[in-house]
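Contents: one structure, followed by commentary.
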Amino acid sequence: MDIKIDKHDDHLTVRLAGRLDSSNAGEFEQALLNRIDAGELRLVLDLSELSYISSAGLRVFLMAAKRLSARQGRMALCGLQDNVREVFEISGFTAILTVRADLAEARAALSA
Amino acid sequence: MGNGSENMDIEQVIVLENRPDAIVQLTQAVETFGDAAALPPKLVFRLTLALEEIVTNVVSYGYQPGSKGRIEVTLRRQGDEAQAEVVDDGVQFDPLSEAPTPDLDASVEERRIGGLGLHFVKTLMDHIEYRWQDGRNHLKLRQRISDKDDGHQDR
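Chains as they are written, first to last, in the working numbering: chain A, 69 to 180; chain B, 11 to 165.
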């Protein structure tokens with residue numbers, strides 16, 4: 069898995085590529101939560117290059133969402149591939165997280 | 011998928027230890043098996059996910075700290091069915107009756123972290139059987155191979 073983080077004026081874009089599973093979710097958790105703890109409270113997560121996710125990876129999204137919610141932050145996800153989307157759906161996560169089609173819509177959702 | 015592949019029977023056994031790197035070994039082996047058995051990509055995804063969740067659970071909770079475990083995963087294609095069996099020598103655990111169902115309607119704030127893995131297994135697999143035999147957990151998964159899982163995107 070590769071994690072690429074771009075800092076913009078008013079938000080961070082986090083791009084994930086490859087597979088997010090129980091062997092590397094800890095690495096992602098640390099990268100993401102460190103940024104939130106450092107005060108980055110507006111995040112766009114681009115999953116268009118993410119081909120696989122398991123519950124270990126979903127757990128990190130939920131932890132981030134909880135932490136952001138406690139600090140009035142915002143997070144939007146976009147670019148979910150079909151298999152990844154299915155995992156989010158059967159978790160009920162598409163209902164509780166902000167999921168958009170592409171980067172532009174995800175960025176717009178941060179300011180909505 | 012041609013008619014020839016429907017008659018193909020193929021089996022692969024993977025032996026894992028209860029270490030964190032078992033998951034990398036497992037997921038690579040399932041991908042390789044998927045290619046060898048000409049399984050549809052969507053089915054390979056689901057099977058990989060189900061097996062990752064099961065084996066992660068066994069590695070995390072099945073053994074006392076410091077004790078060495080053996081987890082054997084058998085992958086099989088039999089006609090138009092994919093099968094996987096996980097046999098482990100960890101503590102007795104029936105995921106069908108003992109794993110709680112997560113509250114899928116809870117809000118971000120209320121939603122508990124965890125408990126999703128075995129929910130995926132139950133949701134994604136057509137058929138699951140558990141038995142405790144000779145001091146081992148045996149968990150068998152079966153999934154019908156269908157043409158609509160051939161990986162073509164709907165959108």
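Where a beta carbon is used, it is the ideal one built from N, C-alpha and C, also for glycine. Bear in mind that the values here come from a model prediction, so they are computed numbers and not experimental data.
Chain-ordered neighbours of residue i on chain B, where CB pairs are closer than 9 Å
i: A:Asn102; result: The premise fails here: A:Asn102 is roughly 18 Å from chain B at the closest Cβ pair, so nothing lies under 9 Å.
Beta-carbon proximity of residue i to residue j, cut-off 9 Å
i: A:Gly147; j: A:Ala172; result: no
i: A:Ala99; j: A:Ile121; result: no
i: A:Glu117; j: A:Asp70; result: yes
i: A:Gly125; j: A:Asp89; result: yes
i: B:His148; j: B:Val69; result: no
i: B:Ile3; j: B:Asp98; result: Chain B is shown from 11 up to 165; residue 3 of chain B falls before or after that span and cannot be answered.
i: A:Thr166; j: A:Ala174; result: yes
i: A:Ala181; j: A:Val128; result: Residue 181 of chain A lies beyond the range of chain A shown here (69 to 180); nothing can be said about it.
i: A:Ser34; j: B:Val34; result: Only positions 69 to 180 of chain A appear in this structure, which leaves residue 34 of chain A out of reach.
i: B:Phe130; j: A:Ser123; result: yes
i: B:Glu27; j: B:Gly100; result: no
i: B:Asp115; j: A:Gly160; result: yes
Classification of residue i by the beta-carbon crowding that lies within 10 angstroms, buried from 16 upward
i: B:Thr66; result: buried
i: B:Gly12; result: In this predicted model, B:Gly12 has a pLDDT of only 48, less than 50, meaning its place in the structure is not dependable; the value taken from the coordinates is given anyway. The residue is exposed, with fewer than 16 neighbouring Cβ atoms inside 10 Å.
i: B:Val75; result: Strictly speaking, residue 75 of chain B in this sequence is Pro, with Val absent from that position. The residue is exposed, with fewer than 16 neighbouring Cβ atoms inside 10 Å.
i: B:Asp164; result: Confidence is the limiting factor: at B:Asp164 the pLDDT is only 42, short of 50, which leaves the residue's position unreliable, though a coordinate-based value still follows. Answer is exposed; the Cβ neighbour count stays below 16.
i: A:His76; result: exposed
i: B:Pro112; result: buried
i: B:Gly161; result: Because B:Gly161 carries a pLDDT of 49, less than 50, the predicted location of this residue cannot be relied on, and the following value inherits that uncertainty. It counts as exposed.
i: B:Ile155; result: buried
i: B:Ile123; result: exposed
Amino acids of chain B, ordered along the chain, whose beta-carbon sits closer than 7 Å to that of residue i
i: A:Asp89; result: Ile33, Thr37, Glu62
i: A:Ser123; result: Glu63, Leu126, Gly127, Phe130
i: A:Ala133; result: Val118
i: A:Val112; result: Correct list: empty, because the minimum Cβ distance to chain B is about 17 Å.
Per-residue contacts from residue i into chain A (C-beta, under 7 Å)
i: B:Arg121; result: Leu130, Ile164
i: B:Pro30; result: Ser91
i: B:Thr111; result: Per Cβ cutoff of 7 Å: no residues; B:Thr111 is ~11 Å from chain A at best.
i: B:Asp115; result: Gly160
i: B:Lys52; result: Asn151
Amino acids of chain A, ordered along the chain, whose beta-carbon sits closer than 9 Å to that of residue i
i: B:Asp45; result: Correct list: empty, because the minimum Cβ distance to chain A is about 15 Å.
Chain B residues whose Cβ lies nearer than 8 Å to that of residue i
i: A:Leu115; result: Neighbours of A:Leu115 on chain B: none; closest Cβ ~15 Å, over 8 Å.
i: A:Val155; result: Leu59, Phe130
Beta-bridge partners of residue i, as assigned by DSSP
i: B:Ile20; result: B:Arg87
Using a Cβ distance threshold of 8 Å, determine whether the segment 16 to 33 of chain B contacts the segment 130 to 146 of chain B, with at least three qualifying pairs required. Output reads no: the segment 130 to 146 of chain B does not touch the segment 16 to 33 of chain B.
With three or more C-beta pairs closer than 8 Å as the rule, is the segment 73 to 87 of chain B touching the segment 33 to 53 of chain B? yes
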